[in-house]
Amino acid sequence: MRIVLSETYRDMSRKAAYIVASQVILNPRSVLGLATGDTPLGLYHMLISMHWTGDLDFSGVQTFNLDEYYGLSPENPQSYHYYMTHNFFQHINITEKQWHIPDGTTQNVEEECRRYDKAIDHAGGIDLQILGLGVDGHIGFNEPDGKFERGTHFVELQQSTIEANARFFNSPEEVPRHALSMGIKSIMKAKQILLLASGEAKAEIICQALRGEVLPELPASVLQLHPNTICILDRAAAARLMEEGDERLPQHGLEP
Ligand code: F6R
10 MRIVLSETYR DMSRKAAYIV ASQVILNPRS VLGLATGDTP LGLYHMLISM
60 HWTGDLDFSG VQTFNLDEYY GLSPENPQSY HYYMTHNFFQ HINITEKQWH
110 IPDGTTQNVE EECRRYDKAI DHAGGIDLQI LGLGVDGHIG FNEPDGKFER
160 GTHFVELQQS TIEANARFFN SPEEVPRHAL SMGIKSIMKA KQILLLASGE
210 AKAEIICQAL RGEVLPELPA SVLQLHPNTI CILDRAAAAR LMEEGDERLP
260 QHGLEP
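In our numbering, the protein residues as written are 10 to 265.
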């Protein structure tokens, strides 16, 4: 795993945008794995700017989102469909046929999960997967568990995730209790992974995930086993790793 340090959230987002942009420039038919949440908002903003200045063409790209809340329709402003449409897709040259998000309104969860996995395989697999990190160590909605989940699956959200995501809802009671999420196997199959973490709330968990044992109780720790992962951290998120003096931290990174 390569760790890249950045001073600020903006700097982290810009570096991430250069990596995504180079992927799309080198392979205009790239398959991107996308995340929602606060972390990638700056990245999407930068990619939109690159598109507007004529530097980035998404017309051949396909995208697969990590997850969707169960029970929320695409029109619901709290759904990940809505988030993606408003924060990214409607600002770039991508059509509805090119982007994919699990259907949170499905009547048949098992079938929808299998359909989603097949669609990813049919597209040729994910070239570059963008990930944020939950405060409990989740990636996608793969919550701490006794085992690593395989493909796309139905998830019961942890209380800590419900509380962390309550900021997007009027009250914690409104946060859906379930979601559909790509599994650890789907994520690990991506050819390259770009993990982003920003802010002091992520400092402890990123340190555990990157330095600790690989355990399903800390889902992000599995990324230590992926052959091609880049992790970009801002100064606040890197604080614990810097204290520990992790040998993978770049010499030319931030001054302590
Ligand atoms: C979102 C997702 C989640 C978030 C994580 C961090 O699609 O899969 O794993 O990446 O909860 O969320 P933020 O970025 O809001 O801190």
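Think of the CB as a built atom: it goes at the ideal place given N, C-alpha and C, for glycine as much as any other residue.
Inset, instruction - Report the rounded CA-to-CA distance for Gly155 versus Glu213, giving the unit in angstroms. - result: 21 Å
Legend entry - Rounded Cβ spacing between Met59 and Arg23 (contact assumed at less than 8 Å): Contact flag wrong, Cβ pair sits at about 10 Å.
Legend entry - 7 Å Cβ shell around Thr115 - same chain, five flanking residues per side excluded: Glu121
Legend entry - Residue range of the unbroken alpha helix (DSSP H) whose run includes Arg23: 18 to 35
Legend entry - Inter-residue CB distance, Leu205 and Leu140 (contact presumed, cutoff 8 Å): 7 Å
Inset, instruction - Kindly give me the distance between the Cβ atoms of Ser190 and Gly149, rounded to whole angstroms, as I take these residues to be in contact under 8 Å. - result: 4 Å
Inset, instruction - Under the assumption that Ile193 contacts His235 (Cβ atoms under 8 Å), give the Cβ distance between them as a whole number of angstroms. - result: Rounded, the Cβ-Cβ distance is 10 Å, inconsistent with contact.
Inset, instruction - Please name the residue or residues paired with Ala188 in a DSSP beta bridge. - result: Tyr78, Val164
Legend entry - Counterpart residues of Phe73 in DSSP-defined beta bridges: Gly42, His109
Legend entry - Phe73: CB within 7 Å of a non-hydrogen atom of ligand 1: no
Inset, instruction - Verify the contact flag: Gly143, CB atom, against every heavy atom of ligand 1, threshold strictly below 7 Å. - result: yes
Legend entry - Neighbourhood of Ser195 by C-beta, 7 Å cutoff - its chain only, sequence neighbours within 5 removed: Asp126, Ile129, Gly160, Thr161
Inset, instruction - Give me whichever residues DSSP pairs with Ala206 in a beta bridge. - result: Leu242
Legend entry - Where Ile135 sits in the DSSP three-state scheme: coil
Inset, instruction - State the DSSP-derived secondary structure class of Gln201, mapped to helix, strand or coil. - result: strand
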